[in-house]
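The numbering of the sequence shown is full-length UniProt numbering, which starts it at 1 and goes up by one.
Below you'll find the structure, written out as C-alpha cells, and then a few comments.
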Amino acid sequence: MSQVTLKGNPVQVDGHFPAKGEAAPAFSLVGKDLADVTLASFEGKRKVLNIFPSVDTPTCAMSVRHFNQDASQLDNAVVLCISADLPFAQARFCGAEDLSNVVTLSTLRGHDFLKNYGVSIASGPLAGLAARAVVVLDAQNKVVYSELVGEIAHEPNYDAALAALG
1 MSQVTLKGNP
11 VQVDGHFPAK
21 GEAAPAFSLV
31 GKDLADVTLA
41 SFEGKRKVLN
51 IFPSVDTPTC
61 AMSVRHFNQD
71 ASQLDNAVVL
81 CISADLPFAQ
91 ARFCGAEDLS
101 NVVTLSTLRG
111 HDFLKNYGVS
121 IASGPLAGLA
131 ARAVVVLDAQ
141 NKVVYSELVG
151 EIAHEPNYDA
161 ALAALG
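Dropping the structure here:
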C-alpha cells in the first residue's frame with residue numbers, strides 16, 4: 001500500500017507499484033471497440049503506460065495531450081492512456097481533441113490492473129479509480145521507469161518518462 005495526496009489530502013493506494021527492473025504484470029483492458037486488449041497485444045514494442053483517474057479532469061486531459069504530442073516522435077513505442085473512463089468517452093475526447101497518437105484503454109473489465117500495478121485508489125472521493133502514474137516498459141515488458149505521482153492533481157514527469165525510452 002502506498003499513500004499519495006489529492007489536493008493535499010492523504011489517499012491510500014492499494015497494490016504493488018512496479019519498480020525499475022521488474023517484469024510488468026500481464027493485463028487485460030478494454031479497447032475503443034470494446035474488445036479485450038492485453039499487454040501481449042503490444043509485443044515487441046516499447047510502452048508508456050499513462051495511468052490516470054479520468055480524462056474528464058484537466059490534469060488527466062493535459063497528460064493525454066502531452067503524451068499524444070510526444071508519441072508522434074517515438075520509435076517502436078506506443079503510449080497507452082489507461083483510465084476508468086468508458087471507451088466511448090475516451091474516443092469522444094480523443095476525437096474532439098484530434099488525438100490519434102495514443103491508444104486509450106479502459107479498466108471497465110480490467111479491475112485487476114489497478115491492484116496489479118499498484119494504482120488502486122482505496123480511499124477518498126476517487127476510491128475505485130486509478131492513481132496518476134507512469135510506467136515505461138521496454139520491448140520485453142521490463143520496467144525501465146516508474147512514477148507514482150505524489151499529488152494526483154499534478155502532472156507526471158514527462159521528460160523523465162520519455163528519457164527512459166533512450
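Where is the CB? At the ideal position from N, CA and C, for every residue including glycine.
Note that the structure is predicted; figures quoted are calculated from it, not measured.
Query	Result
Pick from Phe88, Val55, Ser72 that is closest to Cys81, judged by C-alpha positions	Val55
Candidates Lys7, Leu6, Asp14: closest to Val119 by CA position	Asp14
Residue ranges of each alpha helix (DSSP H) within the UniProt domain "Thioredoxin" (18-166), 4 or longer	58-71, 87-97, 111-116, 158-163
For residue 178, the nearest candidate out of Gly166, Glu147, Pro156 (CA to CA)	What is shown of the chain runs 1 to 166, which leaves residue 178 out entirely.
Assigned exposure category for Asp159 - 16 Cβ within 10 Å defines buried	exposed
Per-residue burial, Arg132 [other beta carbons within 10 Å of its own, 16 or more giving buried]	buried
Proximity of Leu49 and Val136 at Cβ, strictly below 9 Å	yes
Cβ neighbours of His16 in the same chain (closer than 6 Å, five flanking residues each side left out)	Gly118
For Pro156 and Val4, the rounded distance between their alpha carbons	13 Å
Distance, Ser123 Cα to Gly8 Cα	14 Å
Buried versus exposed, by CB contacts within 10 Å (16 or more), Leu105	buried
Contact under 9 Å by Cβ, residue 180 with Val79	Outside the shown range of the chain, which is 1 to 166, sits residue 180, and nothing can be said about it.
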